[in-house]
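Have a look at the structure below, then the notes.
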Amino acid sequence: VLIMADNTLENRQFQIQKFDSDNAEQLRVIGAGLGRTGTLSLKIALEQLGFGPCHNMGELLSKPR
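Residue numbers (the working numbering): 26 to 90.
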């Protein structure tokens with residue numbers, strides 16, 4: 026997911042481009058944050074909007090290689 030923003034008070038516009046996970050060759054976005062800051066909520070919201078797959082640190086810790 027690529028999000029570009031013009032966040033001036035006069036012109037708040039967001040352009041979002043969606044990439045299909047089937048043809049994605051590499052990681053596109055890393056949304057990093059400390060624990061208890063809404064990263065799981067962001068993951069769920071992005072998946073509901075069709076931007077996925079998204080991963081959360083809790084998944085990685087529960088399935089070590």
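Glycine included, each C-beta is placed from N, C-alpha and C at the ideal position.
| Query | Result |
| --- | --- |
| Taking the C-alpha atoms as reference points, what is the distance between Gly75 and Gly58? | 21 Å |
| Give the DSSP-derived three-state secondary structure of Gly60 in the structure shown. | coil |
| Between which two residues does the alpha helix (DSSP H) harbouring Gly83 extend? | Met82 to Ser87 |
| Mind reading off the beta-carbon distance from Asn81 to Leu71? Whole number of angstroms is fine, and I expect it under 8 Å. | Contact doesn't hold; Cβ gap of about 11 Å is too wide. |
| Taking a contact to mean a Cβ-Cβ separation below 7 Å, would you say Cys79 touches Lys88 in this structure? | no |
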